[in-house]
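Working notes for the structure below.
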Amino acid sequence: MKFVKTFFSRQFLWEIVRIVTVGIASLLYHLEVISLPILLAAMAFGLYSLVKIAILDIVKDRKIGTELFISIAVVISVIGQEYLAGAVVLMIILIAEYIASASGERARQSIKELIGSVPNTAILKKDGKEQTVNIKDLKVGDIVLVRAGEKIPVDGIVIEGSGSVNQAPITGESVPQEKEAGSDVFAGTIIELGALDIQMTKAGTDTVFSRIITLVEEAESQQAPIEKLTDKVASYLIPVVFIFVGAVYFFTRDVKLVIALLIFTSPAELGLATPLVTIAAIARAAREGILVKGGRFLEELAKVTTIVFDKTGTLTIGSPSVNLISVINDDYTEEEVLQMAAVADRRSSHPLAKAILDFAKEKNIVFGEPSQFDVIKGRGVSALFESKKLLLGNKVFMLENDIAVSEKISNETNTAIFLAIDNILAGIIYISDSIRPGAKEMIAGLRKSGVTNIVMLTGDNEVTAKHVSDQIGITDYRANLLPEDKIRIVRELQSNGERIAMVGDGINDAPALVQANIGIAMGAIGTEAAMEAADIVLMQDKLEKIDRARAISKRAYRTIKENIIAGVGVVHVIGITLVLLKILGPVEAAIIHLLPDTLVFINSIKLLKIKI
Ligand SMILES: Nc1ncnc2c1ncn2[C@@H]1O[C@H](COP(=O)(O)OP(=O)(O)OP(=O)(O)O)[C@@H](O)[C@H]1O
Ligand SMILES: [Zn+2]
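So for the sequence shown, UniProt numbering puts the first residue at 1; every next one is plus one.
Below you can see the structure in the form of structure tokens.
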């Protein structure tokens with residue numbers, strides 16, 4: 001069993017030796033086989049690691065941990081001549097420490113097991129020969145051969161062959177994707193059928209897979225606010241505890257009582273309560289293709305009450321197509337309107353421009369190069385072609401340029417793009433983009449999970465914006481926005497004291513993603529910019545992943561609270577009471593104290609398995 005392997009690995013050898021030494025010495029002393037100095041020597045050996053950690057904590061992290069409490073308790077037991085009690089307590093606490101560190105290690109390993117790994121070698125195809133080489137020796141452009149049942153070792157482009165690839169290690173989606181010449185493939189994914197010749201673009205630590213692993217590993221260091229809070233509470237509580245225990249000793253002179261009290265007043269599991277959950281939840285999310293860049297964001301997403309969506313490319317698929325061209329100025333034909341629009345948009349990288357160009361190509365329309373070209377953000381483009389001035393964009397853009405636009409031309413489902421030639425409206429191009437499947441269910445799911453405010457932001461026109469938001473159940477939408485308006489709106493919502501999550505495609509809306517408390521980027525597989533800008537990255541273009549991310553976050557946050565309240569709070573309060581009532585002595589206290597450690601561990605690690 002992997003579990004057993006971690007717990008008995010060499011890394012923990014010394015901890016086990018210490019536990020056994022102190023245990024056997026206690027037993028032999030009790031049986032009067034060994035003398036007191038030998039017991040004390042064994043205790044010193046056992047105590048050594050605790051004292052070391054206690055001192056390191058104080059000096060390096062300025063933190064008082066359990067180790068200090070226990071060290072003091074053991075020293076007091078020796079001074080007070082309660083040798084055996086001290087030794088047994090020491091042994092049990094060593095066991096507890098060992099459970100804690102081994103379980104943290106176990107959780108970390110399980111992340112790697114969940115996500116998997118990338119092979120170290122690849123079959124290189126060179127000069128008509130095939131040879132197995134180490135990944136490190138591959139160069140960009142090398143051709144790598146991968147067959148059915150094998151893991152793809154590099155990121156690259158398929159140049160020959162076809163096959164179905166299971167991308168679950170990266171996207172969480174286990175339905176295989178068909179790959180053929182020209183398709184992108186990613187390291188760590190598995191070819192289920194077929195064989196592919198892959199031209200390598202990235203290998204080793206540059207691959208998407210590697211980036212995911214690094215992000216997940218770094219995520220642990222991004223403390224959740226609740227963790228900072230528990231650290232703070234612990235630092236206030238500790239002096240109070242020492243004064244309290246000191247007072248108890250002063251009035252009772254009862255060494256055993258003091259030792260037992262120190263065991264239950266130590267903040268042991270507080271240190272374990274959050275990090276374990278964070279690791280488990282982040283690993284769980286990663287397996288579903290949801291990349292959470294820190295424990296902080298889990299907590300933020302769990303608490304969020306407002307979620308802001310970008311429309312194009314997020315709620316809609318983002319690959320629009322032209323439906324209709326209507327000629328307004330009879331001096332031009334339909335072809336000419338399309339041709340001029342294509343000229344104006346040929347230098348633009350906007351998805352709407354792509355739709356227009358694709359349509360022109362489909363109609364075999366030849367379009368020239370503009371002599372001048374400008375992008376007017378959130379409005380459209382302007383261009384100069386054969387001394388004609390072209391303006392292409394939304395209605396606001398036309399009105400801003402004093403171009404008359406008659407009213408009845410709006411159409412619900414389509415985005416109307418206006419073309420003006422020499423400041424006279426020539427035609428309108430209707431373009432539509434379909435709403436992503438599952439959008440309505442996702443919004444309903446978020447509302448059910450307690451998100452009270454859902455807002456849609458778009459640079460698109462009012463009519464289309466209303467149409468889209470009506471269909472998916474969003475009542476609050478803002479249209480005709482410039483990119484800076486989106487940031488401003490996020491700020492405004494925040495200034496009402498609300499925590500905002502913003503969902504976008506991570507490319508055009510990166511600034512708004514950064515401004516929000518949590519930025520969520522969709523469909524980021526392979527898009528470096530989106531992976532950088534967002535705090536939570538959805539590897540797939542699937543809206544239900546937003547619901548999933550929220551569900552996992554809420555569950556993780558709940559688990560942290562359970563750990564702190566039930567695992568730590570309740571056990572300790574009951575423990576202290578029973579000790580003061582003299583129902584529990586030091587040895588019983590130490591044994592019972594193993595319980596919350598184990599509870600916290602089990603409660604956290606279950607996040608990897610349970611249905612959420
Ligand atoms: N290259 C372009 N060609 C034609 N129209 C454009 C172009 N760029 C912008 N527009 C017009 O300006 C509007 C706003 O563009 P913007 O890029 O800000 O947002 P969007 O892509 O429509 O939607 P969203 O804000 O939801 O991503 C578009 O709806 C379109 O009418
Ligand atoms: Zn956008």
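Don't be surprised by glycine CBs; every beta carbon is placed ideally from N, CA and C.
ask   = Is any heavy atom of ligand 1 found at a distance shorter than 8 Å from the C-beta of V381?
value = yes
ask   = Using a Cβ-Cβ cut-off of 7 Å (strictly less than) and excluding sequence neighbours within five positions of F367, which residues of its own chain qualify?
value = Excluding the 5 residues flanking it on each side, F367 has same chain C-beta neighbours closer than 7 Å at Q339, A342, V343, R346 and A360, in chain order.
message = Within 10 Å of its beta-carbon, does L399 have 16 or more other beta-carbons around it, so buried, or fewer, so exposed?
response = exposed
query = Enumerated in chain order, which unbroken segments of the beta strand (DSSP E) with a length of 3 residues or greater are wholly contained in the segment 425 to 485?
reply = 453 to 457 and 476 to 478
inquiry  = If I follow the unbroken alpha helix (DSSP H) through N603, where does it start and stop?
reply    = P586 to I605
query = What residues in its chain sit with their C-beta under 8 Å from that of P483, if we drop five residues either side in the sequence?
reply = K377, G378, G459, N508, D509, P511 and A512
message = Just verifying my parser: in three-state terms, what is the DSSP assignment at E180?
response = If DSSP states are grouped into helix, strand and coil, E180 belongs with coil.
Neighbourhood of M200 by C-beta, 7 Å cutoff - its chain only, sequence neighbours within 5 removed = L138, V140, G141, D142, V144, V154 and G156
query = Looking at C-beta atoms only, is the number of pairs between the segment 295 to 306 and the segment 387 to 405 that lie closer than 8 Å three or more?
reply = no
request  = Tell me whether the beta-carbon of R478 lies closer than 9 Å to the beta-carbon of M442.
outcome  = no
V241 beta carbon near ligand 1 (any heavy atom closer than 8 Å) = no
query = Should the segment 89 to 103 be regarded as contacting the segment 584 to 592, the criterion being three or more beta carbon pairs within less than 8 Å?
reply = Flag = yes, the segment 89 to 103 and the segment 584 to 592 touch.
task = Report the three-state DSSP secondary structure of A416 (helix, strand or coil).
result = strand
task = Could you check how far apart the C-beta atoms of I605 and L276 are, in whole angstroms? I think they sit under 8 Å.
result = 7 Å
K361: CB within 8 Å of a non-hydrogen atom of ligand 1 = Checking the Cβ of K361 against ligand 1 gives no.
message = When you measure from the CB of V375 to every non-hydrogen atom of ligand 3, does any distance come out below 8 Å?
response = Summarising the ligand content, the structure contains ligand 1 and ligand 2 and does not contain ligand 3.
ask   = Can you give the Cα-Cα distance for I259 and K561, rounded to whole angstroms?
value = For I259 and K561, the distance between alpha carbons rounds to 28 Å.
key: D541 beta carbon near ligand 1 (any heavy atom closer than 8 Å)   = no
key: Where K542 falls: helix, strand or coil (DSSP)   = coil
key: Residues near K440 by beta carbon distance below 8 Å, same chain, minus five either side   = Q471, I472 and G473
ask   = Taking 8 Å as the line, does the beta carbon of K311 fall inside it for any heavy atom of ligand 1?
value = yes
query = What's the gap between the Cα of R447 and the Cα of F242?
reply = Cα to Cα, R447 sits roughly 47 Å from F242.
key: Spatial neighbours of H169 in its chain, beta-carbon cut-off 8 Å, leaving aside the 5 residues before and after   = As written in the sequence, residue 169 is Pro, which differs from the His given in the question. Result list for P169: I115, G116, G188, T189, I190 and F209, in chain order.
query = Can you tell me whether P225 is buried or exposed, with buried defined as 16 or more other CB within 10 angstroms of its CB?
reply = exposed
inquiry  = Just to confirm the assignment, what range does the alpha helix (DSSP H) spanning F186 have?
reply    = Counting along the chain, F186 falls outside any alpha helix (DSSP H), and DSSP gives it neither H nor E.
inquiry  = What ranges does the alpha helix (DSSP H) occupy inside the segment 281 to 345, keeping only unbroken runs of at least 4 residues that lie completely in it?
reply    = Listed in chain order, the complete alpha helix (DSSP H) runs (minimum 4 residues) inside the segment 281 to 345 are 295 to 303 and 334 to 345.
ask   = Out of E160, I159 and G149, which has the shortest C-alpha to C-alpha gap to N166?
value = For N166, the closest of E160, I159 and G149 by C-alpha to C-alpha distance is G149.
key: Sub-9 Å separation of L580 and L257 beta-carbons   = yes
G380: first and last residue of the uninterrupted beta strand (DSSP E) it sits in = G380 to F385
request  = Could you tell me how far apart the beta carbons of V514 and I500 are, in whole angstroms, since I believe they sit closer than 8 Å?
outcome  = Between the beta-carbon of V514 and that of I500 there is about 12 Å, and that puts the pair past the 8 Å contact cut.
Assigned secondary structure, E32 (DSSP; H/G/I helix, E/B strand, else coil) = coil
ask   = Ordered along the chain, which non-local residues of its own chain (more than five positions away) have a Cβ less than 8 Å from that of S101?
value = F12 and E15
inquiry  = Whole angstroms are fine: how far does the CA of L419 sit from the CA of T333?
reply    = 13 Å
query = Between H350 and ligand 1, is the CB less than 8 Å from at least one heavy atom?
reply = yes
query = How many angstroms separate the CA atom of Y430 from the CA atom of E386?
reply = 25 Å
query = Any idea what DSSP makes of N166, helix, strand or coil?
reply = strand
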